[in-house]
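Residues 529 to 796, numbered by my numbering, are exactly what the sequence shown covers, in order. For glycine and all other residues, C-beta sits at the position ideal for the given N, C-alpha and C.
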Amino acid sequence: MDSEIGANIPTIKVYSDKFSGHVAVLTGAAQGIGAVTAQLFAQQGAQVILLDIQEELLRKVQSLIQSRGGKASYLVCDITDERQVHESVDSIIRQYQRIDVLANIAGIYLFDLLNNMMTESYRRMMSVNLDASFYLTRAVLPHMQRSGYGRIIHTSSSTFQEPEPGLAVYAMSKAAIIGLVRGTSVEAGPGVTVNAVMPGLIKTDQVWNAGVQPDGSHPLFERVIAKQDVKRCGTRDDVAHTFCFIASPEASFISGQIFDVSGGETFH
529 MDSEIGANIP TIKVYSDKFS GHVAVLTGAA QGIGAVTAQL FAQQGAQVIL
579 LDIQEELLRK VQSLIQSRGG KASYLVCDIT DERQVHESVD SIIRQYQRID
629 VLANIAGIYL FDLLNNMMTE SYRRMMSVNL DASFYLTRAV LPHMQRSGYG
679 RIIHTSSSTF QEPEPGLAVY AMSKAAIIGL VRGTSVEAGP GVTVNAVMPG
729 LIKTDQVWNA GVQPDGSHPL FERVIAKQDV KRCGTRDDVA HTFCFIASPE
779 ASFISGQIFD VSGGETFH
C-alpha cells in the first residue's frame, strides 16, 4: 500500500539554495504535512517561520530543522484570531523585513452527518479552514505587493468533489478556499501568485490511526487506492514537494490554480 508495484522512480533531487534568502511562513507547522513541508523548505535554504498553537511540538520541529543546518523560528499563533494573525505577521516583518511565501496548511476535519452537526462544530471548522485563510491572506498580501514578489498557497481538499458521508461541512470549507484563491489571484498584482494544493487521501498518523482495523487493514485507504491511477498511499512528502514547486520562482506564470495531489483519484 506504501509503494506502487512496477514503479521505478528516480531519487528526488533537493537543492540546498533553491529558497536562499526567502522567508517562508507556514501554518499548521507543528506536525503532519505542515511539519514535513517546513523541513523541506528549510532544507532548500529558506528561513522558515512555524505557526501553530502547540508550542511543545513547534519547538521539536524547530530543533529538528536546526539540527540539520536549517534556519527556523516559531510563533505561537491561533490563526482563527484576527488580532493574533496581524501581530504575528507584523512581528515577522519587523524581524525579517519580508514574507516571500505563505503556505497555509493548518486545518481541521470533524466527522459528523449534517443532521447531527452541532453549530459550535460547524463554526469551529469554518473558522480554522476558511476564516483563518482570509485573515492570513489579508495580512500578508500588502507586504508582498509592496515588494513585488510573493507566493500565497492555501490548502483545499479533494473531498469537496467526492465527499464521504460525514464530511459535508469540511467539504464546504475546502470548496470555499478555491473561491478565495481565484479571487485573490485576480487582485494580487505583479510578481505575486495565489494557488491551492488539493490533497487526496494522505497517510498521516492522524488519518491512518483513525481508520485502521484490529487486523491491520484499512478499508478507507483500500477503497480510495482502488480508484487512484497511482496505486499507493499518498504521503506527506508528495504534498510537501507540491508546495515547494508552487512556491518556487520557476512557478511565476502559475496563479489561480488548484493542484490536485490525489494520485488521479478525483478523475474517477
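key: As assigned by DSSP and simplified to three states, the class of Lys731   = coil
Check whether Leu642 and Ser701 have beta carbons under 9 Å apart = no
ask   = So, helix, strand or coil for Val542, using DSSP?
value = coil
task = Could you pull the start and end residues of the alpha helix (DSSP H) that Gly711 belongs to?
result = 696-716
Bounding residues of the beta strand (DSSP E) (the contiguous stretch that carries Asp788) = 786-789
ask   = By how many angstroms is the C-alpha of Val752 removed from the C-alpha of Lys731?
value = 12 Å
query = Any idea if Thr639 is buried or exposed, counting beta-carbon neighbours within 10 angstroms, 16 or more meaning buried?
reply = Before going on, a small fix: residue 639 reads as Phe here, not Thr. Label assigned to Phe639: exposed.
request  = Sort out for me which residues DSSP pairs Asn632 with in a bridge.
outcome  = Thr555
key: Span of the beta strand (DSSP E), counted from its first residue to its last, around Thr683   = 678-683
Unbroken stretches of the beta strand (DSSP E), 3 residues or longer, contained in the stretch 620-668 = 629-632
ask   = With a CB to CB cut of under 8 Å and the five nearest residues on each side skipped, what residues in its chain are close to Gln741?
value = Pro747
query = Below 9 Å between beta carbons: does that hold for Val551 and Ala570?
reply = no
inquiry  = Rounded to the nearest angstrom, what separates Asn632 and Asp545 at their Cα positions?
reply    = 22 Å
task = Output the distance between the C-alpha atoms of Ala566 and Gln734, rounded to the nearest integer angstrom.
result = 18 Å
query = Under 9 Å, do Ala660 and Ala696 count as touching if we go by C-beta distance?
reply = no
message = Taking DSSP's pairing of strands, which residues face Met726 in a bridge?
response = Asp788
request  = Pull up the distance between the alpha-carbon of Leu585 and that of Gly562, whole angstroms please.
outcome  = 12 Å
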